[in-house]
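Chains A and B, in that order, give the protein sequences. Letter by letter, the first sequence follows residues 98 to 342 of the working numbering. Letter by letter, the second sequence follows residues 394 to 627 of the working numbering. Worksheet: the structure to be examined is printed underneath.
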Amino acid sequence: MLRLMKYELRKTLNVKLVLAAVTLIAEAAFLIGYFTRNETLYSLTALLLFMIASTGISVIGLWSLIVLHRDMNTRQGYMLFMTPNSCYRILGAKILECGLSILLAGAFFFLLGFLDVTLVMRLYNENIWQFLAEMLQTLNERLTITPANVLAVLFWLLSSWLCSVITAFLADILATSLLYGKKWNWLVAFALFILLNIGINWVILRVPATMSVVAQFAIQGVIGLAFSALMGYISATVMEKYLSV
Amino acid sequence: MLESRELTKKFGAKTAVDQVTMKLEAGHIYAMLGPNGSGKTTWMKMAAGLIIPTSGEVLFEDKPVSLESRAHVAYMSTEPYFYAWMTIRDAGKYYADFFEDFSMEKYSEMLKSMELEEELKIRTLSSGMVAKMKIALTLSRDAKVYMLDEPFNGIDLLARDEIRKAILTAAVPEKLLLLSSHLVEEMEAIADRAVFIRNGRLVEVRDLEEMRETDGVSMADRYREIFGHAEVNG
């Protein structure tokens, strides 16, 4: 499994390096703006960094999906599917690599954002924690900063991202395996992705909003993980039985 | 060693392989012959476990092809299938990571004898160089079955000689080699048995020595008899 993950990482490395390079350039510009007290520069680059962070994680998920699609629809798939690895291991490695990448990228952007906001707050002699608490309360009046709340929200976020990526994997695998060779199978995959997301969100939104923040986000996160595991298993089974490359 | 029973593969309305039943034995080099689109590649891919049959089955050592058989069957596709970032050495390391029977030393030796530098990026290689590299990669495995799809495709005479030499070196009594090619005369110098396939259907499997003795025809003559005016390249 680790060997498979190593090659999955290598296949997605270029896009991650580009993302890291763009982030580094934006961060360097932000720091230059900060230390030269150039408000326009650090404000704009802070906005840019926020955009890179929010799209970066989507890009990582999307790129994993593109790699999976290529592996199933181009000759490079022979490299993977002629090895003595089951589809469960192959897909498991893809999901784990993608999940870990999302987790690490999320942690990296979170830390970077925290450090940058701390710097800006120092400039205005304000307290970062107070600022974050006020910001969160404007978003949701029930959200207060406690370690449990932060962990629950982070768990829910990670679970949601992973669930979205695996939903996309399942949609693509179903379309490719069952509509082998059809040029419009991507359209079917997209429609399936939308339908699956609607269904999963319908279930997740059944969690009552009246319970505590921790309980609500934790339950939603667990439901997301359960769906991820189920869809991962279905995807690998479909690949094992029906996928021709 | 390798057997297909009533093996069929359909792609939509087209039947690529149609009810093919045959048994291939160890200790022989089989030439799989037929014009373009006759189903040779599809049959091999099903035997390699890359394509799921519509019906029928492929057996390796009397068991349906599976993960276990992939560890003993070395398949070489005619199309390039390597990742864009790979060098010749990376491809070897990849095989070493996933195939227990792969020998990096043997691979390096074969590359040296073929005058291929390991640090070259595969995407920069000529088609002849890729063909030689694919052969080196596949034959550096100590597999029980080697299936080489069009190993002589698009390569010059000297490279062909090297590939032929490598194939003959790999042919030992306990192994089975299956090669497909349009180059019938080329194959006649290597193979001792021939599988003729037309329009996805098996025509016959023949022992070439026996065919020459009883029918008094070469493999190329038999090819012309079976396929008539179909294209005979090389």
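No residue lacks a Cβ here, since even glycine has one placed at the ideal position from N, Cα and C. It should be emphasised that the depicted structure is a prediction, and the values quoted were computed from it without experimental measurement.
Query	Result
Output needed for methionine 507(B): all residues of its chain with C-beta closer than 7 Å, excluding positions within five of it in sequence on either side, in chain order.	Lys525, Ala529 and Glu555
Counting C-beta neighbours from all protein chains within 10 Å, is the total for serine 257(A) 16 or more, i.e. buried, or is it exposed?	buried
Along the chain, where does the beta strand (DSSP E) that runs through arginine 605(B) open and close?	Premise fails: arginine 605(B) lies in the alpha helix (DSSP H), 601 to 607, not in any beta strand (DSSP E).
Given this structure, state the Cα-to-Cα distance separating leucine 144(A) from valine 410(B), to the nearest angstrom.	58 Å
Pull up the CB-CB distance for tyrosine 468(B) and methionine 540(B), whole angstroms please, since I reckon it's below 8 Å.	5 Å
Looking only at its own chain, which residues have a Cβ that is under 7 Å from the Cβ of arginine 168(A), when we skip the five neighbours before and after it?	Inspection of the sequence shows that residue 168(A) is occupied by aspartate rather than by arginine. These residues qualify, in order along the chain: Gly174 and Leu177.
I want to see whether chain A comes within less than 8 Å of proline 473(B), judged by CB atoms only; does it?	yes
Applying the criterion that 16 or more other CB atoms from any shown protein chain within 10 Å of the CB defines a buried residue, is glutamate 624(B) buried or exposed?	Its pLDDT being 48, under 50, glutamate 624(B) is placed unreliably in this model, and the coordinates cannot settle the point.
One question on the structure: do tyrosine 500(B) and serine 533(B) come within less than 8 Å of each other, judged by their Cβ atoms?	yes
Restricting to Cα atoms, I'd like to know which of Ala441(B), Val610(B), Met394(B) and Val588(B) is closest to tyrosine 423(B).	Val588(B)
Note down, in chain order, every chain A residue with its Cβ under 7 Å from the Cβ of aspartate 490(B).	Arg100
Please work out which residues of its chain come closer than 6 Å, Cβ to Cβ, to leucine 595(B), disregarding the five sequence neighbours upstream and downstream, and give them in chain order.	Val413 and Met415
In the segment 136 to 184 of chain A, which residue ranges form an unbroken alpha helix (DSSP H) of at least 4 residues, counting only runs that do not cross its ends?	136 to 170 and 174 to 178
Could you check which residue in Thr607(B), Lys438(B) and Leu561(B) has the C-alpha nearest to that of threonine 471(B)?	Lys438(B)
When the Cα of alanine 406(B) is compared with those of Phe211(A), Lys279(A), Phe290(A) and Ala286(A), which residue comes out closest?	Lys279(A)
If you compare alpha carbons, which of Leu101(A), Thr142(A), Ser161(A) and Glu124(A) is closest to lysine 113(A)?	Ser161(A)
Kindly list the residues whose CB is nearer than 8 Å to the CB of glycine 609(B), restricted to its own chain and excluding five residues on each side of it in sequence; keep chain order.	none
When you compare each of Leu460(B), Arg591(B) and Glu511(B) to lysine 338(A) by their alpha carbons, which one comes out closest?	Leu460(B)
Compare the C-beta of methionine 176(A) with all C-beta atoms of chain B and state if any pair is closer than 8 Å.	yes
For glycine 420(B) and methionine 394(B), I'd like the C-alpha separation in whole angstroms.	10 Å
Rounded C-beta distance between serine 543(B) and serine 519(B)? I'm assuming under 8 Å.	Looking at the sequence itself, residue 543(B) is glutamate, so the reference to serine does not match. Incorrect: roughly 16 Å between the Cβ atoms, too far for contact.
By the DSSP assignment, the alpha helix (DSSP H) with arginine 534(B) in it spans what residues?	Here arginine 534(B) belongs to no alpha helix (DSSP H), and DSSP marks it neither H nor E.
Does the segment 262 to 269 of chain A come into contact with the segment 289 to 305 of chain A, if we say contact requires no fewer than three beta-carbon pairs (one atom in each stretch) closer than 8 Å?	yes
How long is the line joining the alpha carbons of phenylalanine 314(A) and serine 151(A), rounded to whole angstroms?	20 Å
Is any beta-carbon of chain B found at less than 8 Å from that of serine 198(A)?	no
Just to confirm, is the Cβ distance from valine 458(B) to alanine 484(B) under 8 Å?	no
Just checking my contact of leucine 259(A) with serine 325(A) at CB under 8 Å: how many whole Å lie between their CB atoms?	5 Å
CB isoleucine 192(A) to CB isoleucine 154(A), shorter than 8 Å?	no
Of the residues Leu116(A), Leu138(A), Leu229(A) and Ala204(A), which one's Cα is nearest the Cα of threonine 215(A)?	Leu229(A)
Check whether the Cβ atoms of arginine 599(B) and arginine 617(B) lie closer than 8 Å to each other.	no
Is there a C-beta anywhere in chain A that falls below 8 Å from the one on glycine 627(B)?	Confidence in glycine 627(B) is poor, its pLDDT being 38 and thus under 50, which makes the residue's placement unreliable; the coordinate value appears in the next sentence. It does not: the Cβ of glycine 627(B) has no partner Cβ on chain A nearer than 8 Å.
Using the C-alpha atoms, what's the distance from tyrosine 476(B) back to isoleucine 515(B)?	9 Å
Taking only beta carbons into account, state which residues of the segment 179 to 194 of chain A come closer than 8 Å to chain B, listed in chain order.	Met179, Thr180, Pro181, Asn182 and Ser183
If the cut-off is 9 Å on Cβ atoms, which residues from the segment 490 to 521 of chain B count as contacting chain A, listed in chain order?	Asp490, Phe491, Phe492 and Glu493
Just to confirm the assignment: which complete alpha helix (DSSP H) runs, minimum length 4, are found wholly within the segment 225 to 311 of chain A?	225 to 236, 244 to 275 and 282 to 301
How about threonine 180(A) and arginine 463(B): are their beta carbons less than 8 Å apart?	yes
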